[in-house]
Amino acid sequence: MTSVAGKVAFITGGASGIGLETGRRLASLGAHVVLVDRSEISASVLETLDTTRHGRHISVVADVTDTASLELAVSTVLNEYGCLDVVVANAGIAEAGTVAISDVESLVKIVEVNLIGVIRTVHATLPAVTAQRGYYLLVSSAAALKNIPGQSAYAASKTGVEAFGGGLRLEVAHKGVGVGVAHPAFVRTPMFESQHSIAAVRAGIEELPWPFNVVTELDDCADAFVDTIVGRRRKVYVPGALRGVDTVRGVFTGRLWDAILRPRVKQTVPALEDGVLQSRALRSVARQ
Numbered sequence: 001m002t003s004v005a006g007k008v009a010f011i012t013g014g015a016s017g018i019g020l021e022t023g024r025r026l027a028s029l030g031a032h033v034v035l036v037d038r039s040e041i042s043a044s045v046l047e048t049l050d051t052t053r054h055g056r057h058i059s060v061v062a063d064v065t066d067t068a069s070l071e072l073a074v075s076t077v078l079n080e081y082g083c084l085d086v087v088v089a090n091a092g093i094a095e096a097g098t099v100a101i102s103d104v105e106s107l108v109k110i111v112e113v114n115l116i117g118v119i120r121t122v123h124a125t126l127p128a129v130t131a132q133r134g135y136y137l138l139v140s141s142a143a144a145l146k147n148i149p150g151q152s153a154y155a156a157s158k159t160g161v162e163a164f165g166g167g168l169r170l171e172v173a174h175k176g177v178g179v180g181v182a183h184p185a186f187v188r189t190p191m192f193e194s195q196h197s198i199a200a201v202r203a204g205i206e207e208l209p210w211p212f213n214v215v216t217e218l219d220d221c222a223d224a225f226v227d228t229i230v231g232r233r234r235k236v237y238v239p240g241a242l243r244g245v246d247t248v249r250g251v252f253t254g255r256l257w258d259a260i261l262r263p264r265v266k267q268t269v270p271a272l273e274d275g276v277l278q279s280r281a282l283r284s285v286a287r288q
């Protein structure tokens, strides 16, 4: 795919953050952008997408945990444009906290949105994308490359996305469909800022070794995603230094990594749990 001009791009989690900013960049290159989110996207947000290169942009309400809504969204796209070329499976959620202090339904919901949602998105769009010999970018995370406390369900969901994308790539290669997987670390999005506001979470990020502790600006992440889509690449790392980490990921998921972290987690895990519980209590009071 040497150009996205005239291509139709379907982006889940498109109301804000990485999804919206990636959509803006694709629009500036002449793509027709479909922003998909579980809530209606305002006209003012849609108007931020460039139309100077004749792109026609729409928003569609769909929930990645609901196959019927995704299938209806695809029908809307096909009725509007007649085809679908690119899918960015970006919708995701996160919640700071250990398994011990988290509600089990919250943990399950993370997996339902981040992993099962990607599977539902791909399944609903696959016939249309296959017809165009199109391209998928599935958003995993740097969390899939390492083990750290406080991200158990999130890391599990994102590791699953990577595995799903790897298998899918081999299943559809002979049909001319490309599949890429994205591994962003921390990106300055509204979701990041919400988690970063908790002092213990902030301290935990700062204590991570480079490049896991790098916080990338939203613009830079979107640029990397778009370069990957245009080049139909199989992987993208944000920051790029994570590529080297991926080649030796066993170091960050193995016995030695556990031994390095174990002395620290005696202090950091209780601090994280206390900070998260205090933050939840403050939010609860604010809602009353």
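Residue numbers (the UniProt record's numbering): 1 to 288. Note that CB positions come from ideal geometry on N, CA and C, so glycine has one too. Since the model is a prediction, treat every value here as computed from it, not as a measurement.
Which runs of the beta strand (DSSP E) fall wholly inside the stretch 129 to 204 and span at least 3 residues, in chain order? If only uninterrupted beta strand (DSSP E) runs of at least 3 residues are considered, those enclosed by the stretch 129 to 204 are 135 to 139 and 178 to 184.
Are the beta-carbon atoms of Val-61 and Leu-70 separated by less than 8 angstroms? Looking up residue 61 in the sequence shown gives position 61. Looking up residue 70 in the sequence shown gives position 70. Cβ distance not < 8 angstroms, so Val-61 and Leu-70 don't count as in contact.
Please classify Lys-109: does DSSP put it in a helix, a strand, or coil? Along the sequence shown, read from residue 1 onward, the residue named residue 109 stands at position 109. The three-state secondary structure of Lys-109, taken from DSSP, is helix.
Figure out for me which residue from Val-177, Arg-133, Thr-67 and Tyr-136 has the closest Cα to the Cα of residue 294. The structure shown does not extend to residue 294, since the chain is modelled only from 1 to 288, so the question has no answer here.
Taking 8 angstroms as the threshold (C-beta atoms), are Leu-84 and Val-8 in contact? The residue you call residue 8 lines up with position 8 of the sequence shown. The residue you call residue 84 lines up with position 84 of the sequence shown. In this structure, Val-8 lies near Leu-84, with their beta-carbon atoms less than 8 angstroms apart.
Backbone CA spacing between Lys-158 and Thr-228 [nearest angstrom]: Taking the first residue of the sequence shown as 1, we reach residue 158 at position 158. Taking the first residue of the sequence shown as 1, we reach residue 228 at position 228. If you take the alpha carbons of Lys-158 and Thr-228, they lie about 19 angstroms apart.
In angstroms, rounded to a whole number, what distance separates the CA positions of Gly-14 and Ile-260? For the purposes of this step, residue 14 is identified with residue 14 of the sequence shown, where counting begins at 1. For the purposes of this step, residue 260 is identified with residue 260 of the sequence shown, where counting begins at 1. For the pair Gly-14 and Ile-260, the Cα-to-Cα distance works out to about 38 angstroms.
Return the CA-CA distance between Glu-171 and Arg-233, expressed in angstroms with no decimal places. As a working note, residue 171 is residue 171 in the sequence shown. As a working note, residue 233 is residue 233 in the sequence shown. Their backbone Cα atoms lie some 16 angstroms apart in a straight line.
Does Ala-253 come out as helix, strand or coil in the three-state DSSP assignment? On the sequence shown, position 253 is the one that residue 253 refers to. Here residue 253 is Thr; the residue named in the question, Ala, does not match the sequence. Three-state DSSP puts Thr-253 in a helix.
Tell me whether Val-60 sits in a helix, a strand or coil according to DSSP, three-state version. The residue labelled residue 60 in the question sits at position 60 within the sequence shown. Residue state, collapsed to three classes: strand.
Counting only the same chain and skipping the five closest in sequence on each side, list residues whose C-beta sits under 7 angstroms from that of Glu-162. Along the sequence shown, read from residue 1 onward, the residue named residue 162 stands at position 162. The answer, listed in chain order, is Ser-140, Ala-144 and Val-181.
Cβ neighbour criterion (16 or more within 10 Å) applied to Asp-103: Residue numbering aside, residue 103 sits at position 103 when the sequence shown is read from its first letter. Of the residues assessed, Asp-103 falls on the exposed side of the cut-off, its CB having fewer than 16 other CB atoms within 10 angstroms.
Between the beta-carbon of residue 371 and the beta-carbon of Pro-209, is there less than 8 angstroms? With the chain covering only 1 through 288, there is no way to say anything about residue 371.
In the structure shown, what three-state DSSP assignment does Lys-266 receive? Mapped onto the sequence shown, residue 266 falls at position 266. If DSSP states are grouped into helix, strand and coil, Lys-266 belongs with the helices.
If we count the other Cβ atoms within 10 Å of its Cβ and call it buried at 16 or more, is Val-36 buried or exposed? Translated into the one-based positions of the sequence shown, residue 36 becomes position 36. Classification for Val-36: buried.
In its own chain, which residues sit with a C-beta less than 6 angstroms from the C-beta of Thr-130, not counting the 5 before and 5 after it? For the purposes of this step, residue 130 is identified with residue 130 of the sequence shown, where counting begins at 1. Within its own chain, the residues whose Cβ lies closer than 6 angstroms to the Cβ of Thr-130, once the five positions on either side in sequence are excluded, are Lys-175 and Val-177, listed in chain order.
Check for me: the alpha helix (DSSP H) holding Asp-227 runs from which residue to which? The residue given as residue 227 occupies position 227 in the sequence shown. DSSP places Asp-227 inside the alpha helix (DSSP H), whose first and last residues are 218 to 231.
Going by the CB atoms, is the gap between Thr-121 and Thr-12 shorter than 8 angstroms? What you label residue 12 is simply residue 12 of the sequence shown in a count that begins at 1. What you label residue 121 is simply residue 121 of the sequence shown in a count that begins at 1. Yes. Within cutoff.
N-terminal and C-terminal residue of the beta strand (DSSP E) that Leu-35 is part of: In the sequence shown, residue 35 corresponds to position 35, counting from 1. Under the DSSP assignment, Leu-35 falls in the beta strand (DSSP E) whose first and last residues are 32 to 37.
Who are the near neighbours of Glu-206 in its chain, counting only those whose CB is closer than 7 angstroms to its CB and skipping five residues on each side? Reading the sequence shown from its first residue, position 206 is the one you call residue 206. Apart from sequence neighbours up to five positions away, the residues of its chain that approach Glu-206 with a beta-carbon distance below 7 angstroms are Asn-213, ordered along the chain.
Between Ala-91 and Ile-101, what straight-line distance do the alpha-carbon atoms span, to the nearest angstrom? By 1-based counting over the sequence shown, the position of residue 91 is 91. By 1-based counting over the sequence shown, the position of residue 101 is 101. Spanning the two alpha carbons is a distance of roughly 25 angstroms.
Identify the residues that DSSP records as bridge partners of Phe-10: which are they? Here the question's residue 10 lines up with position 10 in the sequence shown. As DSSP reads the structure, Phe-10 sits in a beta bridge with Val-34 and Val-87.
Report the CB separation of Ile-18 from Leu-218 in whole angstroms; it is logged as a contact under 8 angstroms. Stepping through the sequence shown from its first residue, residue 18 is reached at position 18. Stepping through the sequence shown from its first residue, residue 218 is reached at position 218. Right, their Cβ atoms sit about 7 angstroms apart.
Give me, in chain order, the residues of the same chain whose beta-carbon lies closer than 8 angstroms to that of Asp-246; leave out the 5 immediate sequence neighbours on both sides. For the purposes of this step, residue 246 is identified with residue 246 of the sequence shown, where counting begins at 1. The residues Leu-145, His-183, Lys-235 and Tyr-237, in chain order, have a CB closer than 8 angstroms to that of Asp-246 in the same chain once the five nearest residues on each side in sequence are set aside.
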